[in-house]
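Numbering (full-length UniProt numbering), first residue to last: 1 to 616. Reading through the structure tokens given below for one structure.
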């Protein structure tokens, strides 16, 4: 047999199951584009799974947000970069908003913690649980032509005059003194002073007071706030005198409390001016007494003995007279606190609460100031019944009629440079200094240089202070040098220039100081000396106050930056809700910090004294 090729055995085809196994080993061709797409999808799923795992393990809210971001990015990794950027931007803005909300919540907590727990009410009323729910009713009604105005038209008048109103059932604004139904004798008195039409605060404020409403009045310095509470009170007193004349030792019907003696005397003089016009027209006499420290009590008791309609007082003297029962508030139905926020800041809050306890029934309460932070407004509302808040401009804003100039002057060069500044304008000029010894030094220096100057501060007796103010007011003296006793509420005619020898520690005092010029629609200049000795937080407040009033900001102020600059304008409240400063928030308020430190030191001292007393 010859060799031959091996015989190949032929087998039948295996079953279909075997053939399918062999097919699995085969990998079909996939285009590059499709392969990349599949990879991206897989990556997205992996990232999503990773995000879900992290979300389970982390419990904090911040980590939850980050995980959510990872999930979104994972799912959308096949979206264009531009779309991803847009989404990330939205997420960043949302985070920013949440940070702002967090800041606002923190501020609310701080404001709540520092808020006064005790209401600004009398002790007897609090003890008996007496609560007045409705305002006092008066006989005054607005004229028909005013009442027929629709609410839309009333709001249009307010918008035009920049009047902001809060409260229920606000009386309509009256654009003339005749619409307010003031007595002709009072209108003649206004015309004699050259006052022909009311200012914005008077347009809304006088009708609100005449209607018997409790009120918080906030308007810039020199806007005519004094007449808002004086003229309605004169009308009420006339009405009382017509119905039933005041007997001996009766009264007062109205009480006006002022933080300083000078402001109380000025208010008393204005009331007497209109009372004289009323008397000249043959109407019943309106009697007003002045009760201030440094003046004889006999002057007040002489008027009280004849029956007094209005009493103007400082808290200390009034407390003394109430305690000695020289005066009583049994028939008093009208209470006004001028520069109310400064009074509470100056430590008269407990005195005011005690004064409230001498009232025998409900009274109409009015609070007025140019600077009234949210903290004071919230606190004051506890004493008011359905109050109306009337705001002309921001609380604490400087008058736009004052040109504010801020100059960097070294401490040793101040007094010489001040003499140069006096050349800027014609007299009268007002110079403010923080310390009594600085006031005396400036006064002496000006007298040596031949300048007709007078000075006032808390260390001088009342007679000397009164004579100095009168001499300056009557034009006998060109310059008045003063501490902050002359900064609140005083009205000097035609003051051309205010010089701040030093920047006050509180920006509210600065606003009151410069408000002595640029009054009643006239313009004035305010020059302020600053240097390295000034606290940076006060300078930041000053910087933002200048920006708000559209004044020139000097380079050395412009370069100052706050750490929390981004949080200065949050929500409805700008700046600090505790002190009203625009350069910081309540979380960084130096005034609040100082108050808290003082309280802490007093607590420690009180505990120490108490423990010593216990030992003995």
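Ideal placement from N, C-alpha and C gives every residue a C-beta, glycine not left out.
Considering only C-alpha positions, which residue in the set the options is nearest to residue i?
| i | options | result |
| --- | --- | --- |
| residue 481 | 550, 332, 488 and 469 | 469 |
| residue 513 | 479, 532 and 485 | 485 |
| residue 462 | 388, 444, 449 and 265 | 265 |
| residue 205 | 151, 142, 185 and 241 | 142 |
| residue 268 | 286, 366, 166 and 330 | 286 |
| residue 199 | 176, 211 and 385 | 176 |
| residue 139 | 483, 236 and 150 | 236 |
| residue 350 | 364, 372, 316 and 366 | 316 |
| residue 341 | 441, 279, 291 and 489 | 489 |
| residue 135 | 361, 191, 320 and 433 | 361 |
| residue 458 | 164, 344, 436 and 401 | 436 |
| residue 451 | 251, 428, 460 and 587 | 428 |
| residue 553 | 479, 524 and 404 | 404 |
| residue 483 | 262, 257, 560 and 449 | 262 |
Give every residue of the same chain whose Cβ lies closer than 8 angstroms to the Cβ of residue i, excluding the five residues on either side of it in the sequence, and list them in chain order.
| i | result |
| --- | --- |
| residue 60 | With a pLDDT of 49 at residue 60, under the threshold of 50, the modelled position of that residue is not reliable, and the figure given next carries that caveat. For residue 60, where only same-chain residues beyond five positions count, there are no Cβ hits under 8 angstroms. |
| residue 542 | 406, 503, 507, 510, 528, 530, 557 and 583 |
| residue 148 | none |
| residue 619 | Residue coverage of the chain in this structure runs from 1 to 616, which leaves residue 619 outside it and unanswerable. |
| residue 145 | 179 |
| residue 239 | 139 |
Which residues in the same chain as residue i place their Cβ atom closer than 7 angstroms to its Cβ, once the five residues preceding and following it in sequence are excluded?
| i | result |
| --- | --- |
| residue 201 | 217, 219, 223, 224, 225, 228, 390 and 392 |
| residue 545 | 398, 507 and 582 |
| residue 233 | 254, 310 and 334 |
| residue 272 | 288 |
| residue 211 | 138, 140 and 171 |
| residue 417 | 409 |
For the alpha helix (DSSP H) that residue i lies in, which residues bound it at each end?
| i | result |
| --- | --- |
| residue 189 | 184-192 |
| residue 404 | Here residue 404 belongs to no alpha helix (DSSP H); instead the beta strand (DSSP E) covers 402-408. |
| residue 305 | 297-305 |
| residue 356 | 349-356 |
| residue 204 | 200-210 |
| residue 416 | 414-421 |
| residue 443 | 436-448 |
| residue 180 | Per DSSP, residue 180 belongs to no alpha helix (DSSP H) and is neither H nor E. |
| residue 531 | Segment: none, residue 531 is in no alpha helix (DSSP H) and carries neither H nor E. |
| residue 215 | From DSSP, residue 215 is part of no alpha helix (DSSP H) but of the beta strand (DSSP E) over 215-219. |
| residue 157 | 151-160 |
| residue 509 | 507-514 |
| residue 226 | 225-243 |
| residue 490 | Element bounds for residue 490: n/a, residue is neither H nor E. |
| residue 557 | 555-558 |
| residue 285 | Taken as a continuous stretch (DSSP letters only), residue 285 belongs to no alpha helix (DSSP H), as it is neither H nor E. |
| residue 547 | 536-548 |
Exposed or buried, which one is residue i when buried takes at least 16 other CB atoms within 10 Å?
| i | result |
| --- | --- |
| residue 424 | exposed |
| residue 305 | exposed |
| residue 597 | exposed |
| residue 419 | exposed |
| residue 244 | exposed |
| residue 408 | exposed |
| residue 274 | buried |
| residue 86 | exposed |
| residue 81 | exposed |
| residue 247 | exposed |
| residue 338 | buried |
| residue 605 | In this prediction, residue 605 has a pLDDT of 44, which is less than 50 and means its spatial position is unreliable; nothing more can be read from the coordinates. |
| residue 371 | buried |
Is residue i near the ligand HEM, going by C-beta to nearest heavy atom under 7 angstroms?
| i | result |
| --- | --- |
| residue 138 | With respect to small molecules bound, the structure shown includes none, and the ligand HEM cannot be examined in it. |
Where do the N-terminal and C-terminal ends of the beta strand (DSSP E) with residue i fall, by residue?
| i | result |
| --- | --- |
| residue 272 | Careful: residue 272 lies outside any beta strand (DSSP E), inside the alpha helix (DSSP H) at 261-280. |
| residue 500 | 497-500 |
| residue 166 | 163-166 |
| residue 334 | 334-338 |
| residue 618 | In the structure as shown, the chain begins at 1 and stops at 616. Residue 618 is therefore absent and cannot be evaluated. |
| residue 310 | 310-313 |
| residue 146 | Where residue 146 is concerned, there is no enclosing beta strand (DSSP E), although the alpha helix (DSSP H) it sits in stretches over 144-147. |
| residue 364 | 364-369 |
| residue 482 | 479-482 |
Report all residues from its chain with a CB closer than 6 angstroms to the CB of residue i; omit the five preceding and five following residues, and keep chain order.
| i | result |
| --- | --- |
| residue 471 | 454 and 477 |
| residue 329 | 358 and 359 |
| residue 24 | Caution is warranted here: a pLDDT of 49 is assigned to residue 24, below 50, making its placement in the model unreliable, and no coordinate value can be reported. |
| residue 22 | Here the model assigns residue 22 a pLDDT of 45, short of 50, so the residue's position is not dependable, and the following value carries that caveat. Here the set comprises nothing. |
| residue 465 | 456 |
| residue 300 | 289 and 291 |
| residue 519 | 222 |
Under 8 angstroms between the Cβ atoms of residue i and residue j?
| i | j | result |
| --- | --- | --- |
| residue 231 | residue 283 | no |
| residue 167 | residue 415 | no |
| residue 354 | residue 214 | no |
| residue 195 | residue 173 | no |
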